[in-house]
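K.L.:
First residue of the sequence shown: -11, per the numbering used here; consecutive thereafter.
Virtual Cβ for every residue (Gly too), placed ideally from N, Cα, C.
First, the structure itself, so that you have it in front of you.
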Amino acid sequence: MLSPTEANNLILFHLGDGLRARHSVFVGYVMDHLAKLLGEDHVHWEVTGLCHDLDFEVTAEDRSRHGLLAAEWLRDELPDVALVAIQSHDHRTGILSETKLALALKLADAIAVGELDVGRCHDRGSERRLTPRSIGSSAISAALPSGTNHPTC
Ligand SMILES: [Fe+2]
Ligand SMILES: [Fe+2]
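Dropping the structure here:
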């Protein structure tokens, strides 16, 4: 199984350090927190979140392959439950999964998309390093119990 550091290196390789990379790191961050809240393996969930959009650029012309190609790349690196979560996170693949991991990934993805849509984590031109703390979000407050510590943008 990949470590978070290895997953971040894959993000840099496949997505660079632009908006989709920041989105992926944020999804990993949310997944880490959701796993801790639910008593799940937080490293496994974080890595799944980090890797969920690795094929985003190369599937731009055919989103029915988005997640499927990433899962193929990762087939020897992640357990099946993570691969299926990645395959099913975009409805256009037609793959369905209702495991806790798959449902959490869809939630984390939606939270992250919303954050970027309102521009709270839009860090254009910044020289900041790509880290979970560099793209933390105030919106996660809506998804986590009050009093939960989290970074802000
Ligand atoms: Fe995606
Ligand atoms: Fe995503």
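When the Cα atoms are used, what is the spatial distance from M(-11) to A90?
P.N.:
Whole-angstrom Cα-Cα distance: 17 Å.
K.L.:
Which residues mark the beginning and the end of the alpha helix (DSSP H) in which G16 is found?
P.N.:
First-last of the alpha helix (DSSP H) with G16: 7 to 26.
K.L.:
Look at L57 and D41 and say whether their C-beta atoms are less than 8 Å apart.
P.N.:
It is not a contact, given that the beta carbons lie outside the stated cut-off.
K.L.:
Quick check on L(-2): does DSSP put it in helix, strand or coil?
P.N.:
Here L(-2) sits in helix by DSSP.
K.L.:
Closer than 8 Å is the cut-off here; do at least three beta carbon pairs connect the segment 3 to 21 with the segment 86 to 105?
P.N.:
Yes: at least three Cβ pairs fall under 8 Å.
K.L.:
Tell me, please, whether the CB atom of F14 is closer than 8 Å to any CB atom in chain B?
P.N.:
Here chain B cannot be found, since the structure has a single protein chain.
K.L.:
Taking T36 as part of the alpha helix (DSSP H), name the residues at either end of that continuous run.
P.N.:
Its alpha helix (DSSP H) spans residues 30 to 39.
K.L.:
Helix or strand or just coil, what does DSSP make of A48?
P.N.:
In the structure shown, A48 sits in coil (DSSP, three-state: anything other than H, G, I, E or B).
K.L.:
Does the pairing of the segment 53 to 71 with the segment 32 to 40 give three or more beta-carbon distances under 8 Å?
P.N.:
Verdict: yes, contact present.
K.L.:
Starting from S76, trace the alpha helix (DSSP H) both ways and give me its first and last residue.
P.N.:
That run of the alpha helix (DSSP H) goes 68 to 76.
K.L.:
Using the Cβ count rule (16 or more neighbours within 10 Å means buried), how would you classify G16?
P.N.:
The residue in question, G16, is buried, as its Cβ has 16 or more Cβ neighbours within 10 Å.
K.L.:
If you check the beta carbons only, do H2 and E49 fall under 8 Å apart?
P.N.:
Contact: no.
K.L.:
Do L7 and L104 count as a contact pair if the criterion is CB distance below 8 Å?
P.N.:
Cβ distance < 8 Å, so L104 and L7 count as in contact.
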